[in-house]
Amino acid sequence: ELGNEATGVFFLPLLVCLFTARFCRASVFTAAAHGESTDDKEMPNNHNMLKPLKAAASRGDLETIRQSHDLLAPARPPAGHPLLGEECLTAAIQNGQVEVVRLLISRDVQVNFADNLGWQPMHHAACSGELAIAKLLHQVNPGAILSEAGLSRQTPLHLCAKMLQLDVVKWISELPMGPQLARSVDNQRQDTPLMLTERSRARGEQIPIREEIKTLLRQLEQTPLPAQPSRNRYCPLRLRLRLRLRHLPGL
Numbered sequence: 001e002l003g004n005e006a007t008g009v010f011f012l013p014l015l016v017c018l019f020t021a022r023f024c025r026a027s028v029f030t031a032a033a034h035g036e037s038t039d040d041k042e043m044p045n046n047h048n049m050l051k052p053l054k055a056a057a058s059r060g061d062l063e064t065i066r067q068s069h070d071l072l073a074p075a076r077p078p079a080g081h082p083l084l085g086e087e088c089l090t091a092a093i094q095n096g097q098v099e100v101v102r103l104l105i106s107r108d109v110q111v112n113f114a115d116n117l118g119w120q121p122m123h124h125a126a127c128s129g130e131l132a133i134a135k136l137l138h139q140v141n142p143g144a145i146l147s148e149a150g151l152s153r154q155t156p157l158h159l160c161a162k163m164l165q166l167d168v169v170k171w172i173s174e175l176p177m178g179p180q181l182a183r184s185v186d187n188q189r190q191d192t193p194l195m196l197t198e199r200s201r202a203r204g205e206q207i208p209i210r211e212e213i214k215t216l217l218r219q220l221e222q223t224p225l226p227a228q229p230s231r232n233r234y235c236p237l238r239l240r241l242r243l244r245l246r247h248l249p250g251l
């Protein structure tokens, strides 16, 4: 009898510990499955805030965006939650809300993220013909933001040429990297921006716009690319040293 009592006293705390650990683990998985943060229970659910904030960004409601700064660009984004700043930035670009875009950029919202199609904010601005927003994004990250390509390897120039966005095409053509972007090809049909423009459907007033874009892109393709400096080129001082060392005895 004493042996049975000792065995019960030994196993009872062990069973309690195992049950507690199993219950805590189940609670963590349940919270993760419902999109809740296991680190901070008081953090609001971003999925519930996504729709009203995107609507505010689409209609240009600056006051609502200002009041949601902590949600738009959190210092530590919760796992499994959408980044509200990125979603709002895309909605503002698609609806031409320049001031909302400027506010979001000033609130440290990233401009180099990619969506499910591999599109970055510049792709949406070029496709929608939002020249003011495109220039604003280009100021944040000059050059690199225009050379980024989506999953189909289409740059912003591909998209604005395909959608016959003349103002954006003109602006890109005036940039130093315009000739290089005009020669880039995508992964679908190995199309250049000019090829996409030639296949685009233009009716009525769009026909002269398409012809002007084609002329611009042809000029870009014929523009010589800037000479790239050779990595193996020696500087004059180093070259003179090498020539003198060759004439030294024993070398």
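Those letters in the sequence shown? Residues 1 to 251, per this note's numbering, in order.
Ideal placement from N, C-alpha and C gives every residue a C-beta, glycine not left out.
Note that the coordinates shown come from a computational prediction; the quantities given were computed from them, not determined experimentally.
Check: Going by the beta-carbon positions, is the gap between Pro184 and Leu157 smaller than 9 Å?
Finding: Residue 184 is actually Ser in this sequence, not Pro. Yes; because the gap between Cβ atoms is below 9 Å, this pair is in contact.
Margin query: Our contact map puts Gln165 next to Asp186 with C-beta atoms below 8 Å; I'd like the distance itself, whole angstroms only.
Written below: Between Asp186 and Gln165 the Cβ distance is about 17 Å, and since that is not below 8 Å, they are no contact.
Check: Distance, Cα to Cα, Gln222 vs Ala161?
Finding: Rounded to the nearest angstrom, the two C-alpha atoms are 17 Å apart.
Margin query: Is any non-hydrogen atom of the ligand COA found closer than 8 Å to the C-beta of Leu164, if you look at the structure I gave you?
Written below: Among the ligands in the structure shown, none appear at all, so the ligand COA cannot be discussed.
Notebook entry, point to check: Does the count of Cβ pairs from the region 50 to 60 and the region 82 to 95 closer than 8 Å reach three?
Noted result: A contact is defined here as three or more CB-CB pairs under 8 Å, and the region 50 to 60 meets this definition with respect to the region 82 to 95.
Checklist line | Beta-carbon proximity check, Val111 vs Gln97, cutoff 9 Å | finding: One thing to note: Val111 has its Cβ no nearer than 9 Å to the Cβ of Gln97.
Margin query: Tell me the DSSP secondary structure of Leu175 in three-state form.
Written below: Reduced to three states, the DSSP call for Leu175 is coil.
Check: Among Ala114, Leu136, Ala149 and Asn116, which residue has its Cα nearest to the Cα of Leu104?
Finding: Between Leu104 and the set Ala114, Leu136, Ala149 and Asn116, the nearest pair of CA atoms involves Leu136.
Check: Going by beta carbon distance, what residues of the same chain come within less than 7 Å of Arg102, once the five residues before and after it are set aside?
Finding: So the list reads Leu136, once near-sequence residues are dropped.
Check: Which residue spans inside the region 152 to 213 form an unbroken alpha helix (DSSP H) run of at least 4?
Finding: Listed in chain order, the complete alpha helix (DSSP H) runs (minimum 4 residues) inside the region 152 to 213 are 156 to 162, 166 to 173, 178 to 182 and 193 to 199.
Margin query: Is the beta carbon of Ala91 closer than 9 Å to that of Ala55?
Written below: Cβ distance < 9 Å, so Ala55 and Ala91 count as in contact.
Next item on the list: Using alpha carbons as the reference points, say which of Gln180, Asp167, Met163 and Glu174 lies closest to Glu148.
Entry: Out of Gln180, Asp167, Met163 and Glu174, Gln180 has the C-alpha closest to the C-alpha of Glu148.
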